[in-house]
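In the working numbering, the protein residues as written are 25 to 158.
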Amino acid sequence: MVALTRVYHFSAAHQLANPALSPERNAALYGDCHRRHGHNYYLEVTVAGRPDPVTGMAVDLGRLDDTVNGAVVAQVDHRSLEEVPALRGVITTGESLARAFWRILAPALPTGALRRVAVVETAKNRFEYEGGVG
Numbered sequence: 025m026v027a028l029t030r031v032y033h034f035s036a037a038h039q040l041a042n043p044a045l046s047p048e049r050n051a052a053l054y055g056d057c058h059r060r061h062g063h064n065y066y067l068e069v070t071v072a073g074r075p076d077p078v079t080g081m082a083v084d085l086g087r088l089d090d091t092v093n094g095a096v097v098a099q100v101d102h103r104s105l106e107e108v109p110a111l112r113g114v115i116t117t118g119e120s121l122a123r124a125f126w127r128i129l130a131p132a133l134p135t136g137a138l139r140r141v142a143v144v145e146t147a148k149n150r151f152e153y154e155g156g157v158g
């Protein structure tokens, strides 16, 4: 098996808020991030496969790009994440975005190919999800 990580970029606004909590409680819980703000995100998608004996490639990059760009990037780029239908009900923390993007991508890729989804929100914040519980 060979693993490949491909990196994608999108810009989006979001606001950290739990709708079950008051505005004051959200402000106390999320600090400045309870206000609408934006990030230049990087989405890292790691897939794995056996290299093809003819091409030597384990993954068709064109197909991977088409899938990730269509299923995720085109849906979230230059949008407010809370308004994206696939993220309805998701508190848009980096942790939750990584899990949500996994749920979107796993069925769109060959069975068992998806190994990791990482959302890089800032130079200091990277959130990784590798499937399973959560």
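Yeah, the Cβ is synthetic: ideal placement off N, Cα and C, and Gly gets one too.
task: For the alpha helix (DSSP H) holding N50, just list the boundary residues, first then last.
output: 47–54
task: Compare the C-alpha of L40 against each of V31, A51, F34, H33 and name the closest.
output: A51
task: Give me the Cα-Cα distance between R106 and A95, rounded to the nearest whole angstrom.
output: With the sequence shown as reference, residue 106 is identified as Glu, and Arg is not the correct amino acid for it. Taking the straight line from one Cα to the other gives about 16 Å.
query: Under a Cβ-count criterion, where at least 16 other Cβ atoms within 10 Å of its own Cβ denotes burial, should T146 be classed as buried or exposed?
result: Result: exposed.
message: My output table needs one value for L133: the three-state DSSP class, helix, strand or coil.
response: coil
- prompt: Exposed or buried, which one is Q86 when buried takes at least 16 other CB atoms within 10 Å?
  reply: Gln is not the amino acid found at residue 86; the sequence shown has Gly there. With fewer than 16 other Cβ atoms within 10 Å, it is exposed.
message: Nearest by alpha-carbon distance to R127: which of L111, A98, N64 is it?
response: L111
- prompt: Going by beta carbon distance, what residues of the same chain come within less than 6 Å of D56, once the five residues before and after it are set aside?
  reply: none
task: Any chance you could list the beta strand (DSSP E) runs of at least 3 consecutive residues sitting entirely within the segment 48–136, in chain order?
output: 61–73
task: Under 6 Å Cβ to Cβ from S120, same chain only, skipping five residues before and after it: list those, please.
output: V114
query: The beta strand (DSSP E) with L28 in it runs from where to where?
result: 26–38
message: Rounding to the nearest angstrom, what Cα-Cα distance links R30 and S46 in this structure?
response: 39 Å
message: Suppose contacts are defined by Cβ-Cβ distances below 9 Å. Is L88 in contact with L53 by that definition?
response: no
message: Distance check for G80 and A27, CA to CA, integer angstroms please.
response: Cα to Cα, the separation comes out at about 13 Å.
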